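Note that the numbering used here has the first sequence beginning at 974, numbered continuously upward. Think of the CB as a built atom: it goes at the ideal place given N, C-alpha and C, for glycine as much as any other residue. These numbers come from a predicted model, not from an experiment. Have a look at the structure below, then the notes.
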Amino acid sequence: MSTEQEIFSPLPLDFYDQPTLQLAPALLGCLLVKETSEGTASGIIVETEAYKGPFDQAAHSFKSRRTKRTEIMFGTSGSTYTYVMHTHCLMNVVSGGVDVPEAVLIRAVEPYSGLSLIHSRRPKAKNERQLTNGPGKLCKALGISMEDYGHRLDQPPLWIASGPDRDKFVTKAGPRVGIDNTGEAKFYPWRFWIQDNRFVSR
DNA sequence: ACACTGATAGACT
DNA sequence: GTCTATCAGTGTC
């Protein structure tokens, strides 16, 4: 059993120096923590998706498209890539190292701490599952926004820690979600989740 | 199952 | 300047 301090202690930046397809499943079971003036909330990462820039038609950085939005993906691993879609914000972890525009999308978490804060931020959730079982929902629940764009994930106010009870789950892989019209890329099994966890988005 | 929402970037004229 | 698509979520049919 880990101590409270170990559970919440930020992972070092070099943790993100591993191949994106290895990092995505490695993030499962880790704790995503956000500190705000309202308090601190956290959730265990239970679902991720890998996006491999230049060769991945589903990625914003396909063919190394370098723009204001994708710029952070060309930077160092372990930075935050936030992106606004419709009315919601989605969070990605930059990987691949400098000049390799890859990232891992955090698709779902299981609420771990700051439950009352999470509930107050997600008044429309009709049950516990709906608090954080989607990429836009978890950002709202934890208070993650465009202000976190470019933030390094080894320090407050936003970081990822090793989390409790590591390795006590089975990892599954399958096709990614919400990426129609992307040809072959649609079928790559680059989505990873914790088997039987009820907060997985689908 | 379906449509409405509506921020922002990127492509195009 | 204008048009369109987007790594969703929600309410309604």
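Proximity of residue i and residue j at Cβ, strictly below 8 Å
i, j, result
"K1141", "P1148", "no"
"I1087", "S1015", "Note that residue 1087 is Gly in the sequence shown, not Ile. In contact: G1087 and S1015 (Cβ atoms closer than 8 Å)."
"P1027", "P992", "no"
"R1125", "S1052", "yes"
"L994", "A1023", "yes"
"S975", "P1137", "yes"
"A1134", "I980", "yes"
"A1130", "E1044", "Per the sequence shown, residue 1130 should be read as Pro rather than Ala. Result no, Cβ atoms of P1130 and E1044 do not sit closer than 8 Å."
"D1221", "L996", "Past the edges of the chain, shown from 974 to 1175, lies residue 1221, and the structure says nothing about it."
"F1047", "D1072", "yes"
Same chain only: Cβ atoms within 7 Å of residue i, ignoring 5 sequence neighbours per side
i, result
"F1172", "V1019, A1081, V1082, E1083, R1102, T1105, N1106"
"R1139", "G1002"
"S1037", "G1026, P1027, P1074"
"G1123", "I1045, S1052, T1053"
"G1156", "Q1030"
Same chain, Cβ closer than 6 Å to residue i, neighbours up to 5 away in sequence not counted
i, result
"V1143", "Q1168"
"D990", "S1050"
"V1066", "V1077"
"A1032", "Y1024, G1026"
"M1064", "T1055, I1079, C1112, I1117"
"N1170", "V1019"
Delimiting residues of the alpha helix (DSSP H) encompassing residue i
i, result
"C1112", "1108–1115"
"R1080", "Where R1080 is concerned, there is no enclosing alpha helix (DSSP H), although the beta strand (DSSP E) it sits in stretches over 1075–1086."
"L994", "993–999"
Run of the beta strand (DSSP E) containing residue i, from where it starts to where it stops
i, result
"T1155", "Looking at the DSSP string, T1155 is not in any beta strand (DSSP E), and its letter there is neither H nor E."
"T1144", "1144–1147"
"T1021", "1012–1025"
"E965", "Here the chain comprises residues numbered 974 to 1175, so residue 965 is not present and cannot be evaluated."
"A1134", "1131–1134"
"T1053", "1053–1058"
"E1120", "Where E1120 is concerned, there is no enclosing beta strand (DSSP E), given that its DSSP letter is neither H nor E."
"W1163", "Element bounds for W1163: n/a, residue is neither H nor E."
Close-in-space but distant-in-sequence residues of the same chain around residue i (CB under 8 Å, 5 per side omitted)
i, result
"G1012", "G1087, L1090"
"P998", "T1021, T1144, A1146, F1165"
"C1062", "T1055, Y1056, G1109, C1112, K1113, I1117, S1118, M1119"
"I955", "Only positions 974 to 1175 of the chain appear in this structure, which leaves residue 955 out of reach."
"P1162", "A1146, G1147, P1148"
Residue(s) in a DSSP beta bridge with residue i
i, result
"E1044", "Per DSSP, none; premise fails for E1044."
"T1009", "G1012"
"R1125", "S1052"
"H1061", "M1058"
"I1167", "T1144"
"S1068", "E1075"
"L1004", "I1017, A1134"
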